[in-house]
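One structure is given here, and the rest of the page talks about it.
2 protein chains.
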Amino acid sequence: MIHMSPFEAIALKTVLGIALLGLAYALFLRRNILREDKGTPKMIEVWEAIKQGANAYLTRQLRTILPVIGLLTIALFFSVAVVPPSAEALERFPGSSPAQVKLIIGLGRAAAFILGALFSLMVGQFGMRIAVQANVRVAAASRKSYDKAMQIAYRAGTVTGMLTDGLGLFGGTIIFLIFQKAAPDALLGFGFGGTLLALFMRVGGGIFTKAADVGADLVGKVEASIPEDDPRNAAVIADLVGDNVGDCAGMAADIFESYEVTIVSGLILSLALVAATGQIKWLVFPLLVRGIGVFSSIIGTYLVRGKKGEPGDAMKAINKGFYSSAFICLVAFAVLAGFYMHEWRAFLSVAVGIGLAVAIDELTKYFTHTKYNPVRKIARSSRTGAATLILSGLSVGMESAVWTLLVIAATILSSIFIYWGQPITFVLYGVAMTGIGMLTLTGNNVAMDSFGPIVDNANGIGEMAGLEEEARERMADLDAVGNTTKAITKGVAIGSAVIAAVSLFGSFLTDVTKVQVQMGVAQAGHLLQTGIRISEPLVLVGLLIGGSIPWLFSSLTINAVSRAASLIVVEVRRQFKLPGVMEGKTKPDYGKVVGICTVASQKELVGLAAMAILIPLLVGLGLRVEALGGFLGGVILSGLLLAVFMANAGGAWDNAKKLIEDGNYGGRGSAQHKAAIVGDTVGDPLKDTAGPALNPLIKVINLVSVLAAPLLIQFRTITPGVIVFLVLALAAVVAAIWYSKRTVRPRRSG
Amino acid sequence: MIHMSPFEAIALKTVLGIALLGLAYALFLRRNILREDKGTPKMIEVWEAIKQGANAYLTRQLRTILPVIGLLTIALFFSVAVVPPSAEALERFPGSSPAQVKLIIGLGRAAAFILGALFSLMVGQFGMRIAVQANVRVAAASRKSYDKAMQIAYRAGTVTGMLTDGLGLFGGTIIFLIFQKAAPDALLGFGFGGTLLALFMRVGGGIFTKAADVGADLVGKVEASIPEDDPRNAAVIADLVGDNVGDCAGMAADIFESYEVTIVSGLILSLALVAATGQIKWLVFPLLVRGIGVFSSIIGTYLVRGKKGEPGDAMKAINKGFYSSAFICLVAFAVLAGFYMHEWRAFLSVAVGIGLAVAIDELTKYFTHTKYNPVRKIARSSRTGAATLILSGLSVGMESAVWTLLVIAATILSSIFIYWGQPITFVLYGVAMTGIGMLTLTGNNVAMDSFGPIVDNANGIGEMAGLEEEARERMADLDAVGNTTKAITKGVAIGSAVIAAVSLFGSFLTDVTKVQVQMGVAQAGHLLQTGIRISEPLVLVGLLIGGSIPWLFSSLTINAVSRAASLIVVEVRRQFKLPGVMEGKTKPDYGKVVGICTVASQKELVGLAAMAILIPLLVGLGLRVEALGGFLGGVILSGLLLAVFMANAGGAWDNAKKLIEDGNYGGRGSAQHKAAIVGDTVGDPLKDTAGPALNPLIKVINLVSVLAAPLLIQFRTITPGVIVFLVLALAAVVAAIWYSKRTVRPRRSG
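Chains as they are written, first to last, in my numbering: chain Y, 1 to 750; chain C, 1 to 750.
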């Protein structure tokens, strides 16, 4: 058992209470939102179509995911069978025999996995459902008041934000309270469940939303020259559904997963430090920090109001809420450092995390905002056509990846300085605390992010239901604010993914070392001594293979979007030719396009998940655990660079188009505008499908590696059984790649 | 002294003789070519313009480069001042005092650097000059005979090929014969000189050629709808000059550098193995292999004849030459293995190298040839516009990078298997021998590659001088063959760059370990024991920074091309408006556009070179030598992936356009064709500027690191002097980045 002071015991229970408080606050907000008016019958009609599409997607996705979850639960349960229970586990359950402890840990791990998956699913699904409920109400409210419309949208976003915070913190804390020293095993299961679901939601949502968006734009804006959200376009409802499944469900699950994984790796590295120093404070600190974060998010988000409704008010109000929360946090953290920790190092690490969030935010803004040089340069290059515009964007995206990476490298360096002269355990702890700090204000961040698709949808409903000019203007202003908040969150999500991945890499090292010592396979020195040496050819091979994985994933997801989009183009073209559709007399068959998107997005999931899980096992078994370490390094490096490159190039093209639409460099309808639309369309799947999918991918791979490490060490020699597994796994991966690349046409809707 | 058997002494002298024979063969071919007829006065007029442009570029480039070379020669000479001479150096010059030995080594290093730079410059400049001499003669010959035209073009390419082979082999062998055991220092200087010049030629040539190409296409084909190589386009001569400075001078210097660096790293790792085993055969083997390669290239290339001139004959003849050379090589290598080495492992490594060349060749073909699915898919996606075509190309490029990387990883793995159970020195030797094998047939490869721009230029001269239909058809056929051979060489260049970089990474490890032991800084174990551990946070930071460098370079070079291209567009547009130009009555001012390209391409050189040299020093001094090891790993990983991605995406777009131009998916002039032109234009700077520039970049960084390693170990503690250097170097890097991003307009031509 871990010995806590009475203050610490109470503090941890308070953290649990705050997590529940966050959830209660979410329920409270939800009830208020549902009371609002839904507007005209025409609006409700559009809304029903969106809701139906969204529900169809969620149901179908659940059907695809459940068998995978079931299979993995069983695998996780049995994975403990071959590994003897750790000394910590035996100590935690002193009355039980080793076999019983093994059973407990197996069950705990499987249960935690289900919990993680369930929470991630809840955040994604409930978040999306409340967004769908809110959008029509925002449209209705905007007919009367800017303030009200803004408030509904932001509060609906806050519901998702508080779900993310509350469920993540609750899960992590309760697992620790039950398993204590033996928590890492269950925590890894919890992290894996959440991350895997996030991968599903991110990839599925990303493909859906961009296939619909690209398809709708190509055939509507570019070919038929009709405006966005025009009801004659059969893809328009799919596009609106896409905003929800991608930007709401996908993004929320993604950030939940980052929030959760930083807790998981933070706790695992804390436990290592507790074991090394005998001081429990290192572990209580991150949980208290996160508790304070939830509390300050509740206050901060509640302060957000739209005021009179002059342009810019919404952004100001959202910022005010954010800075209030940040202020409360910093003061409380300082109190914690001075009066509880009696030292400042952990505080500094957390503060670096907040600094990192701000720095990445500023970098993202610089490279993607219309105000600054990069986007202006891209927009200017439209004068020589689409090709130079694409080239400028590629160049800007590449450069932004360099600076973002340097900022993250500086963060890791700062951890080395803060814990100068201390063993590596401290440095890794510092990096983990940076992750804890960076995502402290997740409640606010998710609220800001979800705000985006809600007002975007409201705007679309307004267009399709033909609302009044005044209402449309209000919503257009909100929509612009939403674009900014979405971009900010994306940067934070990527930055936190890298920090979380580096922490997981640290957990991998710690875990492998522990298991090696425990199993007696490490004679001369354990892994932390020999390390992951890329100067060893086998480890270098691992590094190279790891580096290629994010490229493979990006290739497959981009490909999936373009294939699905071309199916949609064909379908919408067919419907345009039906009598009455172009004249606006006959309603097009929206459901059919939603069906295409749903099928296309689900098809990829199982294959990609199989790759993410099997490839690390293949490397670990085939090339040994040190090469797997190199592999993880490669995945983190390539994943970071590609993700930032794609996100920022996409964002920059998007805003270059907006800059031109605002009347610069030729304005709407000019040749330059056409070039900018090409750029925007290229950027869409990069920034909203392939790029964001890398966040959960990096972490799924890291978690699988940490989970599998004891097994890999066990099967260090190549036995016939291992060879059979290797061959089967390789075949499965090849099959998955082959399957992912095929075009599947949806069956007749039924 | 190294003890050689009489056979070995004679063998090495024979290698030297073969190198000289290769050079003599080049001279012989050159004389024959210069004897050929130059055609009509109109043709000579066009040709004079190209020659003038090319000469202006070369002169200007020399002016830019010379100060840098001078500065570095001095730096290299003094770099040995702080490091005590190695035991090997003292042994080599037994009569001299340590101070004298230091002087000898310093002079040797500086002289070898100059030699490397000079040879690289010679290959680039002479290669380009003979290409310029040949193109007009090919055009003239094509009026009479397909066979003759093909032969002139191929033999002109062979001149460059034999220069590459002969100078590379001569330099490496002579340096070894002089310095023997103490050769590594001088060899590194030789490699550095060649690589740095290659970086200059590659970047300069790449920016020039693509700025001209993109600029000419944008304003000619896209805007004014006039055909390629139309004499009314002021950029057309610059475009033709660009083919020479990019595809001839740039590519030749690049391959020379790969050829040379594989010898350099091969000899360094051989010497380590000789020291470990006491057997000189490990070192003699690679030199003999290369000697055999030169000999077989002479025979193989001489066999190439165009025959009757039916379409396809040229490709068949070139292939016949290649396979004859390959056959001679393999037989001779086997004889060497059986009768001299008395074992097969080194033979296997060399054979793996040849296999790697073939595998990369096949992969490149699959992803970029019109016959296969990827390019067909890209061409098909033109039906939904430029955006989906770009997306398909990005996806194809990314996937191709994955498979190429896996093939290279498999090569390294095979080295581990071939030398299973042996110390790491053997494995590194195996990787180096793979590099030796891969570039054995460089003579043939360069001949094939240079063939491309020569026939391309001949075609352009034909168009501008209005030659007969029959001659034009012959040249068009040759041009198509040239496109294929160019693509093949590009794949081999990238693959060999990675293998060479991995060997250099091995040299880095070997060298650092040796120096650490010698200086007594390594107490418990030396670097090969502790290794480059990315599990150390500082090394991980190095890895991350290293990974970002190729992205920074690519961003800057792509940017340079688009800026220069837009300057050209403005200039050509201005000239179109001058009276008489569009009617073909007044000749446009070709020289002005050549001037813009020259200035734009030279501007970047110094900044990029400063970054390539200073950043590794910054990392090594600021974060220590282990982090520099991580840095090199990151550079190799990112560099490989980005280079292959850009090369193949670009190649695939290019051929997708050709596929459409051949009458598929709408054919010439259709909307699909316009979309494909956008893709081709985006791909141009990726495949011909940014991608290829990464080859020498990776190696310059590796060589700087190996050269600086002793210094870095010397300055292990951070002294005020080190801090001053760090600050200055950082400032210089930032200034270089800032300068590279600025647009500089050329001064008035003078």
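No residue lacks a Cβ here, since even glycine has one placed at the ideal position from N, Cα and C.
Buried or exposed by the 16-neighbour rule on C-beta atoms within 10 Å, applied to residue i
i	result
E604 of chain C	buried
D373 of chain C	First, the amino acid is wrong: residue 373 of chain C is Asn here, not Asp. Exposed: under 16 other Cβ atoms inside 10 Å.
F256 of chain Y	buried
A524 of chain Y	In this prediction, A524 of chain Y has a pLDDT of 37, which is less than 50 and means its spatial position is unreliable; what the coordinates show is noted afterwards. Flag for A524 of chain Y reads exposed.
I436 of chain Y	buried
G750 of chain C	In this prediction, G750 of chain C scores a pLDDT of 33, lower than 50, which makes its location untrustworthy; the coordinate-derived value is nonetheless stated afterwards. Result: exposed.
D688 of chain Y	buried
V727 of chain C	exposed
F113 of chain C	buried
Minimum Cβ-Cβ distance from residue i to chain Y less than 8 Å
i	result
H526 of chain C	The predicted model places H526 of chain C with a pLDDT of 48, which falls under 50 and marks its position as unreliable, so this point remains unresolved.
Q523 of chain C	Here Q523 of chain C scores only 46 on pLDDT, less than 50, and its place in the model is too uncertain to base an answer on.
S760 of chain C	This structure cannot settle anything about residue 760 of chain C, because the visible part of chain C is limited to 1 through 750.
L394 of chain C	yes
L543 of chain C	yes
P746 of chain C	Any answer about P746 of chain C is weak, because its pLDDT of 48 lies below 50 and its placement is not dependable; what the coordinates show is given next. With 8 Å as the cut-off, P746 of chain C does not count as an interface residue toward chain Y.
L694 of chain C	no
V765 of chain C	What the structure shows of chain C is the stretch from 1 to 750, and residue 765 of chain C is not part of that stretch, so it cannot be assessed.
T681 of chain C	yes
G750 of chain C	Caution is warranted here: a pLDDT of 33 is assigned to G750 of chain C, below 50, making its placement in the model unreliable, and the coordinate value is therefore given only provisionally. For G750 of chain C, the answer is no, since every Cβ of chain Y falls outside 8 Å of its Cβ.
S503 of chain C	no
Any chain C beta carbon closer than 8 Å to residue i
i	result
S349 of chain Y	no
R533 of chain Y	yes
W551 of chain Y	yes
G108 of chain Y	no
I558 of chain Y	yes
L567 of chain Y	no
V15 of chain Y	no
Pair within 8 Å by beta-carbon distance, residue i and residue j
i	j	result
I360 of chain C	G491 of chain C	yes
G22 of chain Y	G246 of chain Y	no
A216 of chain Y	A675 of chain Y	no
G321 of chain Y	T301 of chain Y	yes
L199 of chain Y	V700 of chain Y	yes
V804 of chain C	V569 of chain C	Since the first residue of chain C shown is 1 and the last is 750, residue 804 of chain C is not available in this structure.
A649 of chain Y	I558 of chain Y	no
V46 of chain Y	M464 of chain Y	yes
G172 of chain C	I263 of chain C	yes
L641 of chain Y	L439 of chain Y	no
Beta bridge counterpart(s) of residue i as assigned by DSSP
i	result
R533 of chain C	Y:R533
Q: Return the residues of the region 407-421 of chain Y that lie within a Cβ-Cβ distance of less than 8 Å from chain A, sorted by chain order.
A: You won't find chain A in this structure, because its protein chains are Y and C.
Q.
Quick test of the definition: if touching needs 3 or more C-beta pairs under 8 Å, does the region 377-391 of chain Y touch the region 462-473 of chain Y?
A. no
Q) So does the region 340-347 of chain C actually touch the region 183-195 of chain C, counting three or more Cβ pairs closer than 8 Å? A) no
Q. Can you find at least 3 beta carbon pairs, one from the region 151-162 of chain C and one from the region 29-36 of chain C, that sit closer than 8 Å?
A. yes
Q. Are the region 713-732 of chain Y and the region 629-639 of chain Y in contact at 8 Å, needing three or more beta carbon pairs?
A. no
(Q) With three or more beta-carbon pairs closer than 8 Å as the criterion, would you say the region 694-705 of chain Y touches the region 69-80 of chain Y? (A) no
Q | Contact the region 377-385 of chain C vs the region 620-629 of chain C: 3+ CB pairs below 8 Å | A | no
(Q) Three or more C-beta pairs under 8 Å: does that hold for the region 575-584 of chain C against the region 660-669 of chain C? (A) no
Q. Looking at C-beta atoms only, is the number of pairs between the region 315-333 of chain C and the region 276-292 of chain C that lie closer than 8 Å three or more?
A. yes
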